[in-house]
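Quick notes on the structure that follows.
Residue numbers (our numbering): 439 to 604.
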């Protein structure tokens, strides 16, 4: 896997950014695998019983979300680009770019953001932080109203259940 220089710093703007932070009893290496191995990612990233996601884990590689319901209907959610890949510690991707760092066209109503997922060792577990950067305060507010904290929190709960079971 490729490691990029840190491209996104952690200077947070409370008006434009949303943060989900927890200390979890799962080691960073297991959290990393759940985020980066497609067969695991599909099992926890969207609300059960939906499944999702395809990855090309390298800077410039694709992060694609197509939700699939239990009946097999696919619902495209967006395609992004990895900006930074630091094994067992940090993933950064954005919906503003597609594969190969090519700009994505923004359709009316699209919610584009950059996500920074960090996994810091904390005792035998992990300090997990999902830091989501928005263009403006209105987009951050809309994402919060869509259920960012509940949705991303539920996904993290599903990640932990998957990792503990395996």
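A virtual CB, placed ideally from N, CA and C, is assigned to each residue, including glycine.
Subject >> C-beta contact flag for residue 495 and residue 517 at 8 Å >> reply: The sequence position of residue 495 within the chain shown is 57, counting from 1. The sequence position of residue 517 within the chain shown is 79, counting from 1. No. Outside cutoff.
Original post:
Taking the alpha-carbon positions, what's the residue 549 to residue 604 distance?
Top reply: The residue you call residue 549 lines up with position 111 of the chain shown. The residue you call residue 604 lines up with position 166 of the chain shown. Straight through space, the alpha carbons of residue 604 and residue 549 are spaced by roughly 34 Å.
**OP:** Note down the Cα distance separating residue 545 from residue 500, rounded to an integer number of angstroms.
**Re:** As a first step, residue 545 must be located in the chain shown, where it is residue number 107. As a first step, residue 500 must be located in the chain shown, where it is residue number 62. Their Cα atoms are separated by approximately 19 Å.
Original post:
Among the residues of its own chain, which have a CB less than 8 Å from the CB of residue 482, if the five just before and after it don't count?
Top reply: Locating residue 482 in the chain shown gives position 44, counting from the first residue. Correct list, in chain order: 472, 593, 596, 597, 599 and 600.
Original post:
Under three-state DSSP, which class holds residue 471?
Top reply: Position 33 of the chain shown holds residue 471. Three-state result, residue 471: helix.
Original post:
Per DSSP, residue 546 is paired with what?
Top reply: Within the chain shown, the letter at position 108 stands for residue 546. As computed with DSSP, residue 546 is found in no beta bridge at all.
**OP:** Please check the pair residue 572 and residue 560, which I expect to be a contact at CB under 8 Å, by giving their CB distance rounded to whole angstroms.
**Re:** Here residue 572 refers to the residue found at position 134 when the chain shown is read from its first residue. Here residue 560 refers to the residue found at position 122 when the chain shown is read from its first residue. That belief does not hold up - the Cβ atoms of residue 572 and residue 560 are roughly 27 Å apart, past 8 Å.
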